[in-house]
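A.B. asks: Every position in the sequence shown, counted from 1, becomes a number in the numbering used here once 386 is added. From the three backbone atoms N, C-alpha and C, an ideal C-beta is built for every residue, glycine too.
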Amino acid sequence: MNEITRIYYYKFVGQDKRKAKERIRDLFVLGCLTALRYSDYSTLTKENFQGDYLVKRTKKTNVDVKVPLHDYVKEIFAKYSGRIPNGLCIQYVNKYLKVIMKEIGLNDLITYSFTKGGKLITVTRKKWELISSHTARRSAATNMYLTGRMKTLEIMRLTGHRTEQNFFKYIRLTNDDTARSISGDMFFKK
């Protein structure tokens, strides 16, 4: 969550595409705090904001979701006078997210592996190179899980995952995430 706060409060320097960067950043933060897909969080209207909840019928699965509003989401909603920045094609957003995240300084090295043609390939990249609009949804699900205060099935209702197996593949917990999550458990105390 600290990283989302860092992104949310980042002040863009200079005037070069500053407003566009702010709009894209704000959209990304919306995704990070609602677990919606880009096709859903980029088409929000003031009708979707009902009291302290965001209510939306999802485009892909045609399911109604009701998400409690985080304070940042309320602030973004107010910033744009009840109109969420829209009209941005996903390719443009994904291109500029990388520029934005590089400017913010998300330079942690991320190593991941995949199989191609029967060979295991390991790649290391800077975090900003890997961020896309979909990262917001995955981050939301992962952060909700890591708080330890939400039941897995509750998060799955928001994300639309039907099995825990698929959900856990989706959130991609690192060894550090797991260690931090369980470190306070009584098992590890005297």
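1) So for Phe-500, helix, strand or coil by DSSP?
2) In three-state DSSP terms, what is Phe-435?
3) Closest to Phe-435 by CA distance: which of Arg-423, Arg-524 and Arg-469 is it?
4) In chain order, which beta strand (DSSP E) runs of at least 3 residues are fully inside the stretch 476 to 525?
5) I want to know whether the stretch 512 to 521 touches the stretch 473 to 487 - three or more CB-CB distances under 8 angstroms.
6) Just curious, the beta strand (DSSP E) that Val-453 is in, first and last residue?
7) Could you tell me the distance, in whole angstroms, from the CA atom of Leu-559 to the CA atom of Tyr-531?
8) Taking 8 angstroms as the threshold (C-beta atoms), are Asp-438 and Leu-455 in contact?
9) Determine which residues share a DSSP beta bridge with Val-441 and list them.
10) Measuring only between beta-carbons, confirm whether Glu-550 sits less than 8 angstroms from chain D.
11) Between the Cα of Ile-496 and the Cα atoms of Ser-425, Asp-562, Lys-407 and Asn-388, which residue gives the shortest distance?
12) Taking Val-415 as the reference, which of Gly-400, Arg-404, Asp-457 and Lys-446 has the closest Cα?
C.D. replies: Short version:
1) Under the three-state reduction of DSSP, Phe-500 is assigned to strand.
2) Annotated three-state conformation of Phe-435 is strand, per DSSP.
3) Comparing Cα-Cα distances from Phe-435 to each of Arg-423, Arg-524 and Arg-469, the minimum goes to Arg-469.
4) With a minimum length of 3 residues, the continuous beta strand (DSSP E) runs that stay inside the stretch 476 to 525 are 495 to 502 and 505 to 512.
5) Contact holds: three or more Cβ-Cβ distances are below 8 angstroms.
6) Val-453 -> beta strand (DSSP E) spans 450 to 454.
7) C-alpha separation (whole angstroms): 10 angstroms.
8) Yes, these two residues count as a Cβ contact at 8 angstroms.
9) Val-441 is bridged by DSSP to Lys-452.
10) Among the protein chains of the structure shown there is no chain D, as only one such chain exists.
11) Taking only the C-alpha atoms, the option nearest Ile-496 is Asp-562.
12) That would be Asp-457, whose Cα lies nearest to the Cα of Val-415.
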